[in-house]
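**Student:** Read in order, the letters of the sequence shown correspond to residues -17 to 232 in our numbering. Even glycine gets a Cβ: it sits at the ideal position worked out from N, Cα and C. Given the structure is predicted, the values throughout are model-derived calculations rather than measurements.
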Amino acid sequence: MSLVLENFTVDAGRRRLLRIEKLELPSTGLVAVIGPNGAGKSTLLKALAGVQRHGGSKALDQNWPAPERIGFMPQDFTVKAAMSVAECVLLGRRERLGWRITARERAEVAQMLEMLNLSHLADHRMDRLSGGQQQRVLLAQRLIRNPRLLILDEPTSALDLHHQLEVLDQLQRLAQTRLVLAALHDLTLAARYADQTVFLETGRLAVAGPTSQVLRSPCLDRAYHIASEILLDRDGGSVFVAHQARSPKC
Ligand SMILES: Nc1ncnc2c1ncn2[C@@H]1O[C@H](COP(=O)(O)OP(=O)(O)OP(=O)(O)O)[C@@H](O)[C@H]1O
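1. Compare the Cα-Cα distances from glycine 74 to each of Gly53, Trp46 and Leu5 and report the closest residue.
2. Can you name the start and end residues of the beta strand (DSSP E) that glutamate 3 belongs to?
3. Is the number of C-beta pairs between the stretch 102 to 119 and the stretch 61 to 72 that are closer than 8 Å three or more?
4. Whole angstroms are fine: how far does the CA of valine 162 sit from the CA of threonine 84?
5. For cysteine 232 and threonine 25, I'd like the C-alpha separation in whole angstroms.
6. In this structure, how does DSSP classify cysteine 232 when only helix, strand and coil are distinguished?
7. Measure the alpha-carbon distance for alanine 140 versus arginine 174 and round it to whole angstroms.
8. Could you check the C-alpha separation between aspartate 135 and threonine 179 for me, to the nearest Å?
9. In or out: glycine 218 buried (at least 16 other Cβ within 10 Å) or exposed?
10. Which residue wins for smallest C-alpha separation from serine 9, given the options Phe222, Asp177 and His225?
11. Check each candidate in Leu0, Leu103 and Glu50 and name the one with the smallest Cα separation from arginine 127.
12. Comparing the CB of threonine 25 with every heavy atom of ligand 1, is any distance shorter than 6 Å?
13. Can you have a look at glycine 22 and say buried or exposed, based on whether 16 or more other CB atoms are within 10 angstroms of its CB?
14. So is the beta-carbon of asparagine 45 under 6 Å away from any non-hydrogen atom of ligand 1?
15. Would you list the one or two residues that DSSP bridges to phenylalanine 59?
16. Take glycine 151 as the anchor and find which of Ala172, Leu131 and Pro129 has the nearest alpha-carbon.
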């Protein structure tokens, strides 16, 4: 079983923003979507999430999950509402808050907050949280639906180093039973956590496959204008290091 895109295109007026002739990924696992600014990462994720129209076909396990089985977190996420953190997470369970909140719903919210180490913020107002705290609450809101497909556009963009690792640890665990697609700019995080990587360049698929292979692709250095190397950390994991390019590899 797998995710399969065929002749997948996204247009804005007459301009073609993205064209992927064929892409096949396993139906579970953590997949990093990488590429320079403007490569089409958000465009791909929005089209998969159903918030942007596309041409061609997409299938996951030969169908496509219903909207309520897809958790999508866009790149821009500022919340100005005066609701509490617990209420915000609860909104992931239902379309609007009513008078009655069941004990089960309360327990689910508490469990989700605990999972993301947010319990201490349960009664805080969303509009008074930091950007990183809001980002983690919104992830909890997506996760409470137990989505089959999780689509996250730069889910660590506002997080400090500790929380980047904490969130990616959680996503890696969740990816054992579902597909998690995450746009990432930090290729060290991709190297460490992503099973597979999709590398986009100027609106097309450059390379896709196991992360260790994709990050070694010479085309990566050309696209980013860098000279990169893969080192090993003390646990034997891969660390992606970028240097200023002197001369492009390809
Ligand atoms: N609605 C739109 N109309 C016209 N062009 C668009 C539209 N949305 C995106 N684009 C263009 O499509 C290209 C891809 O944009 P996209 O946001 O997908 O890139 P990205 O890889 O996510 O970039 P970044 O790393 O900067 O977030 C860019 O050149 C952008 O200007």
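**Tutor:** On the basis of the coordinates in this document:
1. Gly53
2. -3 to 8
3. Yes, since at least three Cβ pairs between the stretch 102 to 119 and the stretch 61 to 72 fall closer than 8 Å, the two stretches touch.
4. 29 Å
5. The pLDDT assigned to cysteine 232 is 49, lower than 50, so where the model puts this residue is not dependable; a value taken from the coordinates is nonetheless given after this. Taking C-alpha positions only, cysteine 232 is separated from threonine 25 by approximately 26 Å.
6. Low confidence applies here, because cysteine 232 scores a pLDDT of 49, under 50, leaving its location unreliable; read the following figure in that light. Cysteine 232: coil per DSSP, three-state reduction.
7. Spanning the two alpha carbons is a distance of roughly 19 Å.
8. 14 Å
9. exposed
10. Among Phe222, Asp177 and His225, the Cα nearest to that of serine 9 belongs to Asp177.
11. Glu50
12. yes
13. buried
14. Set against 6 Å, the gap from the CB of asparagine 45 to the closest heavy atom of ligand 1 is not smaller.
15. Answer is none; phenylalanine 59 lacks a bridge partner.
16. Here the sequence assigns aspartate to residue 151, which means glycine is not the residue at that position. Considering only alpha carbons, the answer is Ala172.
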